[in-house]
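To start, the structure under review is shown below, and the notes come after it.
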Amino acid sequence: MKIANDEKIKQNPKAKTYEQPVLQVDNLEVTFKTYGGTVQAVRGVSFNIMKGETLAIVGESGCGKSVTSSAIMGLIPSPPGKITNGQVMFNGRDLTGLAKNELRKIRGADISMIFQDPMTALNPTLKIGDQLIEGIMQHTSISTADAKKKAIEMMKLVGIPNPTERMKQYPHQFSGGMRQRIVIAIALMCEPELLIADEPTTALDVTIQAQILELFEEIQQKTGVAIILITHDLGVVAKIANRIAVMYAGKIVETGTKREIFYEPKHPYTQGLLNSVPRLDLKGKPLEPIEGTPPDLFAPPVGCPFTARCPHAMTVCEKIMPQQTALSQSHGVNCWLLDERAQR
Amino acid sequence: MAKYIVKRFFIMIITVLLIATLTFFLMHSIPGSPFNQERGTSEAVQANLEAFYGLDQPLYVQYAMYIKSIITFDFGPSIKNPNQTVNDLLSRGFPISFELGIITILTALVSGVTLGIIAALRHNGFIDYLAMTFAVLGISIPNFVLATLVIQQFAVNWGILPAATWSSPAHMVLPTLALATGPMAIIARLTRSSMLEVLTQDYIKMAKAKGLTPFRIIIKHALKNAMMPVVTILGTLIAGILTGTFVIEKIFAIPGMGKYFVDSINNRDYPVIMGTTVFYSSILVFMLFLVDIAYSLLDPRIKLNAKGGE
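Just so you know, the sequences run in chain order A and B. Offset between the first sequence (1-based) and the working numbering: plus 2. Take the second sequence: its position 229, counting from 1, is numbered 217 in the working numbering, and each next residue is one higher.
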């Protein structure tokens, strides 16, 4: 058994050379220094995303999804946080090595972010109009009048009626769903190539969630923006993702297309995650939770982090970190069960 | 808003009348009379004097006369200095006191807020600790102690600033320093804690994600929200500065209203006491009103309405 396919698999997504990836994250590691020790929040995450594609990063709370997105944006509070290893290549430039000023030019202009809670993401003391135009005024030499025109256009795009009047209003005069539309409009003002949506629908009720997700699809069709969707809601993922990366304890444990992840999940964690979603056809039966809790990221296990909760754990799992095994061009899984080198 | 202002105006009038009434009865409950200190005046002369100023009348008549003087804003002549009226004293002293007050408030506000922001941005750093140590000192030292300290150091030991009076900008430095340090320290501490809270808010993270410059994020996004608690205590601070001026004016021999106020109480100079009290309380009530208006300007969620609620 030779460790043969690692290199190949890593390059596999690149094999689709008909399109350059917008963003390539390679072996990203982020740590946070605290009084209790160093938290290894993200431990070597690699993925990429193409133009016009939606990649969903799913996983439970504390698995490092949001830290990954903050790291891409260069928004890791430092100290205590630090990107200790890896690259974030955006259009051929490594964002982790950029100076603060350079990063600021990309942030909000080429890469935008949508936050989880629209009730708190807007500044309560500033008019919506000001909050819409300030980003574009910062990044381009556009005139205020043109910026306002553009803002009205964007508000129309995200489905806000009477945009001209609404520009002069304050956040508290909008409902939750409307505020999230505003947040999306703000993110789109500079026509970014990449949109990172960090749990964009978690704070909204279900009917509004559906509307916002449809809006994402519509915007992507119109603008070709690549979307990284960070969520723990598999329903949302099923609706709009093209590809899915499943994260656990600071690592990506399985990646694949939506179909591959939902219909042929190979990693026990992915399977457990899917089993724990309520299903209409299993009405009356209790949900199947994943037993146990995620590992302590102050001192993560040397082997597979899921070992302690895994129903199929083997001796090797505890000792050696599994490498990625390619099951198809798009489907990869980090699990010894699928690695032929593992001793059963 | 207009309705609210009208309603507030009436409440302000009632407040001032209540303060005036309280002062009147408190004043008259203290034994003594303006003429006690006049040596060598016979009983008859004193009685004549009291009759002249209406002090022999029953209290309710005096009270009615007094209310009338408030409404017409004519407090008559001072008992101690009969050649000048209370209105003369006020119009002479007020501009100076006003100058001292305004300079103090602005100094306290600008330096306090700046100090608070710097401390918040350098949270738990050396500058933060330094600023907060300074703030605790500022809060703990009473202004009259500070006044004598700065006079000793700057005017006597170093001789770089004048010790008293109010005639040039250089004369204003020490009184302002003595009076502004306390409020500045309070504002600095409040700005710091409020700023620290605001800086963790999502909209600050969002502003960062927009790629805005740190300066713009602090000034445009953080400061306005962080100012709410500061505005809240500004009313109280103004009251503190106002009463502080009495002492500071006395120490620095500044010919403002405070001097007349303190002297008038020592002399039982009833018209002057009443005039200055009504004047001071009117200013204070008006300042508090301005603070409330400032609230609604800072935070659009606060709507002022005639019901007095938010």
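Think of the CB as a built atom: it goes at the ideal place given N, C-alpha and C, for glycine as much as any other residue.
Give me the Cα-Cα distance between residue 246 of chain A and residue 212 of chain A, rounded to the nearest whole angstrom.
19 Å
Contact under 8 Å by Cβ, residue 171 of chain A with residue 214 of chain A
no
Tell me the residue span of the beta strand (DSSP E) that contains residue 92 of chain A.
83 to 92
Would residue 110 of chain B count as contacting chain A if we go by Cβ distances under 8 Å?
no
Kindly list the residues whose CB is nearer than 8 Å to the CB of residue 169 of chain A, restricted to its own chain and excluding five residues on each side of it in sequence; keep chain order.
129, 130, 131, 134, 150, 153, 154 and 157
Determine the closest residue to residue 2 of chain B out of B:41, B:59 and B:53, with distance taken between C-alpha atoms.
B:59
Quick one: Cα of residue 277 of chain A to Cα of residue 61 of chain A, how far?
14 Å
What residue ranges within the region 231 to 319 of chain A form continuous alpha helix (DSSP H) runs of no fewer than 4 residues, ordered along the chain?
236 to 242, 260 to 265 and 270 to 277
Where residue 189 of chain B falls: helix, strand or coil (DSSP)
coil
Would you please verify whether the beta carbon of residue 119 of chain A is less than 8 Å from any beta carbon of chain B?
yes
Among the candidates A:286, A:287, A:227 and A:272, whose CA atom is the shortest distance from the CA of residue 336 of chain A?
A:272
Alpha helix (DSSP H) runs contained entirely in the region -1 to 80 of chain B, provided each spans 4 or more residues:
31 to 40 and 47 to 60
I'd like to know if residue 200 of chain B contacts chain A, where contact means its C-beta is closer than 8 Å to some C-beta of that chain.
yes
Kindly indicate which three-state DSSP category residue 132 of chain B falls into: helix, strand or coil?
helix
In DSSP terms, what residue 30 of chain A is bridged to
A:47
When Cβ atoms are compared, which residues of the region 195 to 224 of chain B fall closer than 8 Å to chain A?
195, 196, 197, 198, 199, 200, 201, 204, 208, 209, 212 and 213
Option nearest residue 92 of chain B by Cα separation, candidates B:268, B:83, B:43 and B:226
B:226
What separation, rounded to the nearest whole angstrom, lies between the Cα atoms of residue 158 of chain B and residue 164 of chain B?
10 Å
Just to confirm, are residue 30 of chain A and residue 88 of chain A a CB contact at a threshold of 8 Å?
yes
Among the residues of its own chain, which have a CB less than 6 Å from the CB of residue 178 of chain B, if the five just before and after it don't count?
217 and 218
In chain order, what residues of the same chain have a beta carbon less than 7 Å from the beta carbon of residue 182 of chain A, not counting five sequence neighbours either side?
120, 202, 206 and 214
Stretch pair the region 241 to 254 of chain B + the region 76 to 86 of chain B: three plus CB contacts closer than 8 Å:
yes
Enumerated in chain order, which unbroken segments of the alpha helix (DSSP H) with a length of 4 residues or greater are wholly contained in the region 63 to 149 of chain A?
67 to 75, 102 to 108, 120 to 123 and 130 to 141
Which residue comes first and which comes last in the alpha helix (DSSP H) that contains residue 227 of chain B?
212 to 239
Can you say whether residue 186 of chain A is buried or exposed, counting buried as having 16 or more other CB atoms within 10 angstroms of its CB?
buried
Find the nearest neighbour of residue 76 of chain B within the set B:62, B:265 and B:143, judged by alpha-carbon distance.
B:62
Pull up the distance between the alpha-carbon of residue 103 of chain A and that of residue 86 of chain A, whole angstroms please.
20 Å
Chain-ordered neighbours of residue 172 of chain A on chain B, where CB pairs are closer than 8 Å:
288 and 289
What's the gap between the Cα of residue 195 of chain B and the Cα of residue 34 of chain A?
23 Å
For the ligand MG, is there a heavy atom less than 7 Å away from the beta-carbon of residue 103 of chain A?
Absent from the structure shown: the ligand MG. Ligands present: none.
Rounded to a whole number of angstroms, what is the C-alpha to C-alpha distance between residue 296 of chain A and residue 43 of chain A?
12 Å
Where does residue 169 of chain B fall in DSSP's three states?
helix
Cβ closer than 8 Å: which chain A residues qualify as neighbours of residue 191 of chain B?
122, 123, 124, 125 and 126
Selection of the region 71 to 91 of chain A by Cβ proximity to chain B, strictly under 7 Å
75 and 77
Using a Cβ-Cβ distance cut-off of 8 Å, determine whether residue 256 of chain A contacts chain B.
no
Determine the closest residue to residue 109 of chain B out of B:183, B:190, B:230 and B:269, with distance taken between C-alpha atoms.
B:183
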